[in-house]
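Below you'll find the structure, written out as structure tokens, and then a few comments.
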Amino acid sequence: MKALVYTAPHRLEMHDLDEPSPGPGEVVVRVAMTGICGSDMHGFLGHSARRKPGLVLGHETVGVVAETGDGVDPTLVGARVSVNPLISCGNCGNCAAGRPNVCDSWQVLGLDRTQGAFAESVRIPARNVLPLPRHVEDSAAVMIEPLANAVHLLSMAPEHAGMFPTAAIFGGGTLGVAILSVARVRGVRVVAVVEPNPRRAQVSRDLGVEHVIDPTTADVPAEIQRLTGGRGVDLALDAVGRESVRQAAAASVARGGTVLLLGLDQGPTTLDFIDLIRREVRLQCSFTYTRQDYQAAFDLVVNGAVDFGRWTDVLPLTEGQNAFERLATDPGDRIKIALRP
Ligand SMILES: [Zn+2]
Ligand SMILES: [Zn+2]
Numbered sequence: 005m006k007a008l009v010y011t012a013p014h015r016l017e018m019h020d021l022d023e024p025s026p027g028p029g030e031v032v033v034r035v036a037m038t039g040i041c042g043s044d045m046h047g048f049l050g051h052s053a054r055r056k057p058g059l060v061l062g063h064e065t066v067g068v069v070a071e072t073g074d075g076v077d078p079t080l081v082g083a084r085v086s087v088n089p090l091i092s093c094g095n096c097g098n099c100a101a102g103r104p105n106v107c108d109s110w111q112v113l114g115l116d117r118t119q120g121a122f123a124e125s126v127r128i129p130a131r132n133v134l135p136l137p138r139h140v141e142d143s144a145a146v147m148i149e150p151l152a153n154a155v156h157l158l159s160m161a162p163e164h165a166g167m168f169p170t171a172a173i174f175g176g177g178t179l180g181v182a183i184l185s186v187a188r189v190r191g192v193r194v195v196a197v198v199e200p201n202p203r204r205a206q207v208s209r210d211l212g213v214e215h216v217i218d219p220t221t222a223d224v225p226a227e228i229q230r231l232t233g234g235r236g237v238d239l240a241l242d243a244v245g246r247e248s249v250r251q252a253a254a255a256s257v258a259r260g261g262t263v264l265l266l267g268l269d270q271g272p273t274t275l276d277f278i279d280l281i282r283r284e285v286r287l288q289c290s291f292t293y294t295r296q297d298y299q300a301a302f303d304l305v306v307n308g309a310v311d312f313g314r315w316t317d318v319l320p321l322t323e324g325q326n327a328f329e330r331l332a333t334d335p336g337d338r339i340k341i342a343l344r345p
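In short: position in the sequence shown from 1, add 4, done, that's the working numbering.
Here it is in structure tokens:
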């Protein structure tokens, strides 16, 4: 099969690889489309220790079941499916507790040695595929995975945040708008989105956000305090994960509020813990999603509650190198670029 292989930092090449074959409990999906994620971009730029040359990236995928392994219902062949790319052991304590996202041996497509979905076919446990209704387009289905991250993030908000908590979203890219969409469905009042790229800021405005703050020109915490009558937001939602953004998020949250951390751009961050402790600010990390979160995101897309079609581009897989370069330099108002084999 043809596959887009990450061969060196900033380099993707089309290679011929062996066709995957399904093991027991697995299926092989003929890929229809795979979205490019920020984490794929991290790998492409050579910033990810767990994405090494020789790997096929890609985990936001939709396709048709082509083959089933032992123990899998053979009538699945031909089903068009959304692929939950998070593979968990099913046996460890966290898996047993319904938290496969913190499984002792979790894997995700396109990470470590697990080949991803920028290819004609991909192998996945059968329990990870969800049959899609016909009316859902491939370009909509590739947003299910980013939305699942947002569903999980908001599920980590504490109960005491109240019925209609206020929130600020840091980042107006794919995850930012995914969080915005899920927040609205969950009754969260989004006070502001923080986004420096003017074309991405416009996407949030088009989605009805009144206050989009440019962090390169505004004092973000001061602006958020102003918008909340000096209180700060109940929830600061970080879709970026950079030191300056985490600091701004922590400074924008209300006394007793929560900073929800999803962005993975940088590791180390200095925060003023004396301030955070005195205000009893909760820092809650969020990683991927549970099966229920994925199902909830699937339902949002199937029911048409979210649709980013006008901000999605679809390119042939052979254009992968160009698509990644474009995303790395200026994504503009493109919320998702997807590749079709
Ligand atoms: Zn992703
Ligand atoms: Zn496990």
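Each residue gets a CB set at the ideal place from its N, CA and C atoms; glycine is no exception.
Selected residue, minimal CA-CA separation from residue i, among the options
i    : options               : result
R138 : G82, D297, F291       : G82
E71  : M147, A240, E247, V32 : V32
V106 : F291, L343, V126      : F291
A309 : V140, V87, C96        : V140
E247 : N98, G271, G233, Q229 : G271
P129 : V85, G102, T170       : V85
N201 : S185, G191, F174      : F174
L275 : A254, T262, F122      : A254
G176 : R338, P225, A12, M167 : R338
G236 : D116, G29, V244, V224 : V224
L331 : G47, G234, G29, A12   : G47
A154 : P162, L266, D142      : L266
R314 : R54, Q299, L21, K340  : K340
H14  : D20, A36, G50, L8     : G50
L287 : L264, A300, D279      : L264
A342 : S25, V35, H19         : V35
M160 : I183, P320, V146      : I183
Local Cβ density within 10 Å of residue i, reported as buried at 16 or more and exposed below that
i    : result
G75  : exposed
H63  : buried
N88  : buried
E199 : buried
K56  : exposed
F277 : exposed
A327 : buried
S43  : buried
S143 : buried
A226 : exposed
Collapsed DSSP secondary structure at residue i in the structure displayed
i    : result
C289 : strand
I40  : coil
L80  : helix
I278 : helix
A243 : coil
A301 : helix
T294 : coil
I339 : coil
E17  : strand
T178 : helix
A144 : helix
L115 : strand
D311 : coil
T11  : strand
E227 : helix
D218 : coil
T316 : strand
D108 : coil
G260 : strand
D269 : coil
G202 : The displayed chain sequence assigns Pro, not Gly, to residue 202. Residue state, collapsed to three classes: helix.
T232 : coil
L134 : strand
S125 : strand
D238 : strand
S52  : coil
A252 : helix
Pairwise C-alpha distance: residue j and residue i
i    : j    : result
C93  : S109 : 6 Å
T232 : P169 : 12 Å
C99  : H156 : 16 Å
I148 : G27  : 26 Å
A171 : K6   : 44 Å
L179 : F302 : 16 Å
T38  : Q119 : 13 Å
L268 : V68  : 31 Å
V189 : D297 : 14 Å
V207 : V194 : 15 Å
V181 : S52  : 24 Å
T262 : V186 : 17 Å
D210 : S256 : 24 Å
D334 : R203 : 10 Å
A258 : R282 : 12 Å
D77  : I217 : 51 Å
D20  : L241 : 41 Å
Check: residue i C-beta below 7 Å from any heavy atom of ligand 3
i   : result
P89 : The ligand content of the structure shown is limited to ligand 1 and ligand 2, which means ligand 3 is not among them.
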